[in-house]
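For the record, the sequence lines run as chains A and B. Sequence positions in the first sequence follow the working numbering and run 414 to 591. Sequence positions in the second sequence follow the working numbering and run 50 to 196. Here is the structure we will look at.
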Amino acid sequence: MTAVEVPRLSESDLIAGLKAGDEDAAHEFFDRYAARIRRFIAHSLGASAADADDVLQETFIALAEALPFFRGDSSLFTFACAIAHRKVLSLIRTNARRARLMRSAPIADQSISTDPRADREFNRALADLKPEHREVLLLKYVEEIGVTEIAQILRLGEHAVESRLARARKALRRSLKE
Amino acid sequence: MDTERTELEFAARLKSAIETPRAVDDHAVREAFTARLKRVAARPDVVPIEFDGRKIDARRGGTLLGAAMKNGIRLMHVCGARTLCGTCRVVVESGEDNLTPMRATEKFSLRWHLSMSPRTRLACQARVNGPVEAESVFPLCGDLPNR
Numbered sequence: 414m415t416a417v418e419v420p421r422l423s424e425s426d427l428i429a430g431l432k433a434g435d436e437d438a439a440h441e442f443f444d445r446y447a448a449r450i451r452r453f454i455a456h457s458l459g460a461s462a463a464d465a466d467d468v469l470q471e472t473f474i475a476l477a478e479a480l481p482f483f484r485g486d487s488s489l490f491t492f493a494c495a496i497a498h499r500k501v502l503s504l505i506r507t508n509a510r511r512a513r514l515m516r517s518a519p520i521a522d523q524s525i526s527t528d529p530r531a532d533r534e535f536n537r538a539l540a541d542l543k544p545e546h547r548e549v550l551l552l553k554y555v556e557e558i559g560v561t562e563i564a565q566i567l568r569l570g571e572h573a574v575e576s577r578l579a580r581a582r583k584a585l586r587r588s589l590k591e
Numbered sequence: 050m051d052t053e054r055t056e057l058e059f060a061a062r063l064k065s066a067i068e069t070p071r072a073v074d075d076h077a078v079r080e081a082f083t084a085r086l087k088r089v090a091a092r093p094d095v096v097p098i099e100f101d102g103r104k105i106d107a108r109r110g111g112t113l114l115g116a117a118m119k120n121g122i123r124l125m126h127v128c129g130a131r132t133l134c135g136t137c138r139v140v141v142e143s144g145e146d147n148l149t150p151m152r153a154t155e156k157f158s159l160r161w162h163l164s165m166s167p168r169t170r171l172a173c174q175a176r177v178n179g180p181v182e183a184e185s186v187f188p189l190c191g192d193l194p195n196r
């Protein structure tokens, strides 16, 4: 279904390898998660592919610095998403600041999907959502991450995640009806 | 039951609308990640620091407060390391570049306690990356037995 390689190492072996700086583990981690992390970034950002690639690069560098402190409280993917989320927020803030400075509209090209098979109308509605709504929907329904882990990624309480999800669903439905 | 079914339908529609992740072919990012990971793993985990004239070992990435407490230096932290009280304030004598940069909450707390200076840090927030010399601003609570 995905272009991601079949995992060779278990998650615990992968974590141990990454902490030890093992090259094979690093490659396996990249091959296993980079595509999903990139998709998460692209949808959270709602911006051009070039920005998503830059954020992906920054995320992986930050991940390499942060991995020795990974305590295993969550899955590796959740940990990576939490870092990616902060990188995305940082870029959005920088772009907003730049837009304010330039006295122009925020830099946000809302083109997301390039897959011709994807439901165009649904994608348009998704692109119209606020980035935080799109992000939470993607984590919950596409990545199938539980509310507790989403709360860890977004640094929110579980109730806050649930209400954000409800608002996001409502916004998407409203957008689909228009 | 209906809500559950609606939610399942919603999830299915969202899943089918979003494209499957495409493999990232950027070898530069892959290699940069691998190289950085190797460099990080090669760094020593334990960093020597000097606290109130005592030489102690701190875990790289751990807070100054954590290192002090682990080594029996009973630094006050009335708020429970939540940046509120400012009682874990320390003056960094040397190696301030080896501490993580100040975040907004720490800045706010130091400003609130009228203690903003380039060398003052909250021990509960400053994380160690290399050798540091620091002195506590408040008196210690007493001696803690080593755990």
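All C-beta atoms, glycine included, are put in the ideal place defined by N, C-alpha and C. Owing to the predicted nature of the structure, the values given are computational and were not obtained by experimental measurement.
Flag residue i as yes if its beta-carbon sits less than 9 Å from any beta-carbon of chain B, otherwise no.
{"i": "Phe535 (chain A)", "result": "yes"}
{"i": "Pro544 (chain A)", "result": "no"}
{"i": "Ile474 (chain A)", "result": "yes"}
{"i": "Val549 (chain A)", "result": "no"}
{"i": "Arg582 (chain A)", "result": "yes"}
{"i": "Gly434 (chain A)", "result": "yes"}
{"i": "Ala439 (chain A)", "result": "yes"}
{"i": "Ala477 (chain A)", "result": "yes"}
{"i": "Leu514 (chain A)", "result": "no"}
{"i": "Leu458 (chain A)", "result": "no"}
{"i": "Asp466 (chain A)", "result": "yes"}
{"i": "Gly427 (chain A)", "result": "Note that residue 427 (chain A) is Leu in the sequence shown here, rather than Gly. False, the Cβ-Cβ gap to chain B never drops below 9 Å."}
{"i": "Leu539 (chain A)", "result": "yes"}
{"i": "Phe490 (chain A)", "result": "no"}
Return yes when the Cβ of residue j is within less than 9 Å of the Cβ of residue i, no when it is not.
{"i": "Ala175 (chain B)", "j": "Ser185 (chain B)", "result": "no"}
{"i": "Phe490 (chain A)", "j": "Glu556 (chain A)", "result": "yes"}
{"i": "Leu542 (chain A)", "j": "Leu585 (chain A)", "result": "yes"}
{"i": "His440 (chain A)", "j": "Arg85 (chain B)", "result": "no"}
{"i": "Leu539 (chain A)", "j": "Ala66 (chain B)", "result": "yes"}
Indicate whether at least one CB of chain A lies closer than 9 Å to the CB of residue i.
{"i": "Thr132 (chain B)", "result": "no"}
{"i": "Val141 (chain B)", "result": "no"}
{"i": "Lys156 (chain B)", "result": "no"}
{"i": "Leu148 (chain B)", "result": "no"}
{"i": "Ala81 (chain B)", "result": "yes"}
{"i": "Arg85 (chain B)", "result": "yes"}
{"i": "Arg88 (chain B)", "result": "yes"}
{"i": "Met50 (chain B)", "result": "Annotation note: pLDDT 49 at Met50 (chain B) (below 50); position unreliable, coordinate value reported separately. Taking Cβ atoms only, chain A never reaches closer than 9 Å to Met50 (chain B), which makes this a no."}
With respect to 8 Å, is the separation between the Cβ of residue i and the closest non-hydrogen atom of the ligand COA below this value?
{"i": "Asp467 (chain A)", "result": "Judged by which ligands are present, the structure shown has none, so any question about the ligand COA falls away."}
Roughly how far, in whole angstroms, is the beta-carbon of residue i from the beta-carbon of residue j, given that I think they are within contact range, below 8 Å?
{"i": "Leu578 (chain A)", "j": "Val549 (chain A)", "result": "6 Å"}
{"i": "Thr132 (chain B)", "j": "Phe187 (chain B)", "result": "No, Thr132 (chain B) and Phe187 (chain B) are not in contact; Cβ-Cβ is about 15 Å, not under 8 Å."}
{"i": "Trp179 (chain B)", "j": "Gly144 (chain B)", "result": "Sequence inspection shows Gly at residue 179 (chain B); the Trp mentioned does not correspond to that position. Right, their Cβ atoms sit about 6 Å apart."}
{"i": "Ala465 (chain A)", "j": "Arg451 (chain A)", "result": "6 Å"}
{"i": "Gly459 (chain A)", "j": "Pro544 (chain A)", "result": "5 Å"}
{"i": "Pro97 (chain B)", "j": "Lys87 (chain B)", "result": "Contact flag wrong, Cβ pair sits at about 24 Å."}
{"i": "Leu159 (chain B)", "j": "Val177 (chain B)", "result": "Actually they do not touch by this definition, with Cβ atoms about 18 Å apart."}
{"i": "Ala495 (chain A)", "j": "Gln565 (chain A)", "result": "6 Å"}
For residue i, which of the options has the nearest alpha-carbon?
{"i": "Val181 (chain B)", "options": "B:Glu142, B:Arg92, B:Glu80, B:Arg152", "result": "B:Glu142"}
{"i": "Arg170 (chain B)", "options": "B:Lys156, B:Arg62, B:Trp161", "result": "B:Lys156"}
{"i": "Ala153 (chain B)", "options": "B:Asp146, B:Glu145, B:Met165, B:Ala60", "result": "B:Met165"}
{"i": "Ala581 (chain A)", "options": "A:Ile496, A:Ser423, A:Leu552, A:His440", "result": "A:Leu552"}
{"i": "Gly434 (chain A)", "options": "B:Arg160, B:Pro70, B:Arg92, B:Ala77", "result": "B:Arg92"}
{"i": "Ala90 (chain B)", "options": "A:Ala439, A:Pro481, A:Ser576", "result": "A:Pro481"}
{"i": "Arg568 (chain A)", "options": "A:Glu534, A:Asn536, A:Phe492, A:Arg511", "result": "A:Phe492"}
Between the stretch 91-121 of chain B and chain A, which residues of the former have a C-beta closer than 7 Å to a C-beta of the latter? For the stretch 91-121 of chain B, which is checked against every Cβ of chain A, the residues closer than 7 Å are Ala91, Gly110.
Please name the residues in the stretch 60-77 of chain B whose beta-carbon is closer than 9 Å to at least one beta-carbon of chain A, in chain order. Within the stretch 60-77 of chain B, the residues whose Cβ lies closer than 9 Å to any Cβ of chain A are, in chain order, Ala60, Ala61, Arg62, Leu63, Lys64, Ser65, Ala66, Ile67, Glu68, Thr69, Pro70, Arg71, Ala72, Val73, Asp75, Ala77.
Name the residues in the stretch 566-577 of chain A whose C-beta lies less than 7 Å from a C-beta of chain B; which are they? Against chain B - using a Cβ distance shorter than 7 Å - the stretch 566-577 of chain A contributes no residues.
Any residues in the stretch 498-511 of chain A with a beta carbon nearer than 7 Å to a beta carbon of chain B? Which ones, in chain order? Residues: none.
By the 7 Å beta-carbon criterion, what residues does the stretch 442-453 of chain A contribute toward chain B? Answer set for the stretch 442-453 of chain A: Phe443, Ala447, Ala448, Arg449, Arg451, Arg452.
Scan the stretch 551-563 of chain A for residues whose Cβ lies nearer than 9 Å to a Cβ of chain B and list them as they occur along the chain. Taking 9 Å as the upper bound on Cβ-Cβ separation, chain B lies near residues Leu551, Lys553, Tyr554, Val555, Glu557 of the stretch 551-563 of chain A.
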